[in-house]
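For reference, the structure is listed below as structure tokens.
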Amino acid sequence: MKSRTSNLRVKIAFLLVSLTALWAFAAFVTLREGLNLIWISSLDQQVGRPTDSLVSLLQDERRLSAVALAGPADAPRDALTSARAKTNAAADVFRTSALGSSAQFAATGLARQRIDELKAKLDLLETKRSEIDARLITRTGAVKYYTDTIGIGYQIYETIATFDDRDINTRLGHLLTMSRGREVLSQEDALMSGVLADGNFRTHEAAEFGQLVGAQRYIRTLGLAGLPDDAAIFDPVLKGPELTKLQEVEDRLILGYRDDATMPVVSAAEWRAAVDPARVALIQLDNDLADAAVERASWPAILVVVRLVLAAGLGLIAVIASVIVSVTTARALVSQLRRLRDAADELATVRLPRVVERLRAGEEVDVAVEAPPLIFGDDEIGQVGQAFNAAQETAVRTAVEQAELRRSVRDVFVSLARRSQTLLHRQLTLLDGMERRASDPGELDELFRVDHLATRMRRNAENLIVLSGAAPGRGWRRTVPAVDVIRAAIAEVEEYTRVTLLPTDPAGLAGRAVGDVIHLLAELIENAISFSPPHTTVDVRGSEVGTGYTVEIIDRGLGMSDADLDEANEQLRHPPEFKLSSTARLGLFVVGRLAERHHIEVQLRRSPSGGTAVIVLIPGELITETPALPAPAALAIAAAPLVAPPQRPDGERELAPSGLPLRTRKNSRSVPTQAEPSEVVGGPAAEQARKLMASYQLGSRRARFEIPEDMDATPENDG
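See below:
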């Protein structure tokens, strides 16, 4: 096993080292030269040739601008206008091509700098033309602008013509020297054309003309000296009639100068007849020399291509060999790793989540079925596979055990909560009887306080049941008026006197949802009271809408930030899985679970007073018409003994803002049945108090004493 592992490592290492060395060698030998050829070709097409055309047209425009400044202001300028149009077109081509992404990528930093400098000069072209047309610039200044611009173009030539071959670079340097000689001749032409148009050959102009003549002859001689192999090309041109005639005219102008501001000894026509053929001959000479240089550079370029092909061929052979070795030595390894990867991916993305979902749904899970062992070999990969088998079995078994533990804990909590719920229900029944029999106001007040605490304890027990995923237990078999549901929710809040029940639309709520809606509203009302100042009230009203029935709960507290509102609404829309760390907003979690059970929509928003408004939308499927008369059980509750509350000296009864009576009374007495209402209280005030008390008792006692469908068991037999 150790020998096989060692051989595998050696083969892989040898493969990597050989491939790296081969491709490093190929890249070092051929890639640089090949890329250089590609970049030079790209720069020649996108920068060199557009620059060459632009330079030639700028030379013509320079000469015509000098003539225009030397001649009369009203002289025809058709030739200058045409030259400017051609220059503009060439400048646009240069900007588009030289500033393109491919040219900028291939160019060196110095080349990009020269291109930017030429662009900046071209941006001033229209300004200089305006100065020339308005004669705001001297002939010397105009010629200097054009000469500087053209000089940057020649600097661009020098930055892009760089080859790895030294002989080619030398030839290109001499060709650029020849081209600069033509530029000096063009400067000479611009100077003399302006002098001939002006008619005066001044001393400084004569001196400059002599310098230009000497410079262009010297530069041409210097350039040709480096091209001895091309003597057969340039000798006929140097000894030809065009350059001979130009030299004669130049000599006549230099020797014929007498004093300042005299007429040149040569006319404009004679000068043009001498300089134009000479320029054409020199341009043709440069082209012939360039063709010869390209022909001589073709063999080095071919060698570069051959080296590139050979390197690619050797690289291809090495790659093929490496593939063969890899296929023959690592096929089993790759297959095992792929199986292991697929199994791990399936466990993480399919099987384990599926097991968790089934466990959450309460299904039984067989560990052996959900985590079948995979068969691997006995090598190192096989050992990894066996470890994976153990890991997946442990993961599934742990998930099952944790789910069983959570289910057991939940069942214990639900059982305890059910027992507490039943005991509290019985306690509330006893408290109600004690309240009916109490005669002392202080004792009655204490009983009411205990009553409220017991009601809240029952709701907390129901919260525990909701958190455990079970149904709270309170259920109604008949439709209950919505106003009674709201009053029952208010009655479950300790500080119910701070709740104002506004006018409420009549409607009926299906019995199956009454308990959960009371619980939901009580949580929201208590939350509104808890987070608002003690001197403020909480408004509650119910309204029938097209899609169901809404209950609005509005407080006057400090409100919530937009971020907190968004977070709370998201939790209400999509209640998350309950965690022990999420107890900060336990009430919202319970509300969300209850709302989700009956498809009730709960939304928090900012109230006009700066507090928080809660909108509870009960769907239409739970809303029915208001029952015309209470059911017999309800009538019994409504007809339960009522005690007239004390009246103030002015005869009015003290009531809470919610419409519920304040729970105080001065004496206790038996009250006649419904058939004898006149014996309870008398007069309008007493009748109003009786109705209010009956309304309160009907709502709160329905919430308290309707026998839940699943509460028939007592604590003694519950479990």
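Just so we're aligned, residue 1 is where the sequence shown starts under UniProt numbering, counting upward by one. The C-beta atom is built at its ideal place from N, Cα and C for all residues, glycine as well.
Run through DSSP, which three-state label would residue i get?
i: ILE324; result: helix
i: ALA438; result: coil
i: ILE554; result: strand
i: PHE388; result: helix
i: ILE137; result: coil
i: ALA686; result: Bear in mind that the predicted position of ALA686 carries a pLDDT of just 39, short of 50, making it unreliable; the figure below should be weighed with that in mind. Helix.
i: PHE201; result: strand
i: THR108; result: coil
i: ALA636; result: Low confidence applies here, because ALA636 scores a pLDDT of 34, under 50, leaving its location unreliable; read the following figure in that light. ALA636 falls in the helix class under three-state DSSP.
i: THR149; result: helix
i: ILE529; result: helix
i: THR504; result: coil
i: ALA75; result: coil
i: ARG4; result: With a pLDDT of 45 at ARG4, under the threshold of 50, the modelled position of this residue cannot be trusted, and the question is left open.
i: VAL237; result: helix
i: LEU333; result: helix
i: TYR157; result: helix
i: GLY173; result: helix
i: TYR218; result: helix
i: VAL680; result: The predicted position of VAL680 is uncertain, since its pLDDT is 35 and thus under 50; a value taken from the coordinates is nonetheless stated next. Here VAL680 sits in coil by DSSP.
i: ASP366; result: coil
i: PRO353; result: helix
i: GLU270; result: helix
Please name the residue, chosen from the options, that lies closest to residue i on a Cα-to-Cα basis.
i: GLU270; options: PHE388, ALA489, VAL499, VAL249; result: VAL249
i: LYS128; options: LEU337, ASP78, THR147; result: THR147
i: PRO503; options: ASP516, ALA491, ARG487; result: ARG487
i: ALA91; options: ASP116, GLY226, ALA107; result: ASP116
i: GLY587; options: PRO441, LEU428, GLN113, HIS519; result: HIS519
i: ALA390; options: ALA278, SER82, LEU347; result: LEU347
i: ASP451; options: GLU495, ILE150, GLY620, LEU176; result: GLU495
i: ALA111; options: LEU565, GLU131, GLY153; result: GLY153
i: LEU212; options: PHE234, VAL237, LEU185, ALA231; result: LEU185
i: VAL591; options: ARG606, ILE615, SER609, GLY611; result: ILE615
i: ALA399; options: SER18, SER439, GLN104, GLU357; result: GLU357
i: GLY181; options: ALA107, VAL306, GLY223; result: GLY223
i: GLU435; options: TYR549, LEU423, PHE448, VAL266; result: PHE448
i: ARG541; options: GLU131, VAL485, GLN155, GLY511; result: VAL485
i: MET457; options: VAL47, LEU444, ASP235, VAL493; result: VAL493
i: ILE465; options: PHE589, THR138, ARG84; result: PHE589
i: HIS535; options: ARG478, ARG459, THR500, ARG573; result: THR500
i: GLU131; options: LYS119, ALA120, LEU118, TYR145; result: TYR145
i: LEU253; options: PRO264, PHE234, GLY48; result: PRO264
i: ASP60; options: GLY48, ALA70, ARG84, GLY385; result: ARG84
i: PHE531; options: LEU509, TYR549, ARG498, VAL551; result: ARG498
i: residue 725; options: LYS119, THR81, LYS86; result: Shown here, the chain extends from 1 to 719; a query on residue 725 therefore has no answer.
i: ALA268; options: ALA70, ALA403, LEU604; result: ALA70
i: VAL266; options: PHE234, LYS245, SER102; result: LYS245
i: ASP366; options: GLU404, ILE381, ARG338, ARG341; result: GLU404
Which residues does DSSP list as the beta-bridge partners of residue i?
i: LEU604; result: VAL614
i: VAL499; result: VAL538
i: SER543; result: THR550
i: ILE623; result: LEU509
i: VAL480; result: LEU509
i: THR262; result: PHE201
With a cut-off of 8 Å on the beta carbons, I'd call residue i and residue j a contact; round off their distance for me.
i: LEU243; j: ALA273; result: So it is not a contact: roughly 14 Å between Cβ atoms.
i: HIS598; j: ASP516; result: 6 Å
i: ARG114; j: THR159; result: 6 Å
i: LEU430; j: ALA461; result: Actually they do not touch by this definition, with Cβ atoms about 17 Å apart.
i: PHE388; j: ALA332; result: That pair is no contact at about 17 Å.
i: GLU601; j: LEU617; result: 4 Å
i: ASP288; j: LEU175; result: At roughly 11 Å, the Cβ-Cβ gap does not stay under 8 Å, so ASP288 and LEU175 are not in contact.
i: LEU352; j: ALA321; result: Between ALA321 and LEU352 the Cβ distance is about 43 Å, and since that is not below 8 Å, they are no contact.
Problem set entry | Inter-stretch contact at 8 Å, needing at least 3 Cβ pairs: the segment 525 to 536 / the segment 545 to 557 | yes
For this session: Indicate whether the contact test is met: 3 or more Cβ pairs, each with one atom in the segment 61 to 76 and one in the segment 178 to 196, closer than 8 Å.
Result: yes
Exercise. Within the chosen definition, does the segment 562 to 575 reach the segment 504 to 513 through at least 3 CB pairs nearer than 8 Å?
Worked result: No contact exists between the segment 562 to 575 and the segment 504 to 513.
Exercise. Is the number of C-beta pairs between the segment 204 to 221 and the segment 89 to 109 that are closer than 8 Å three or more?
Worked result: no
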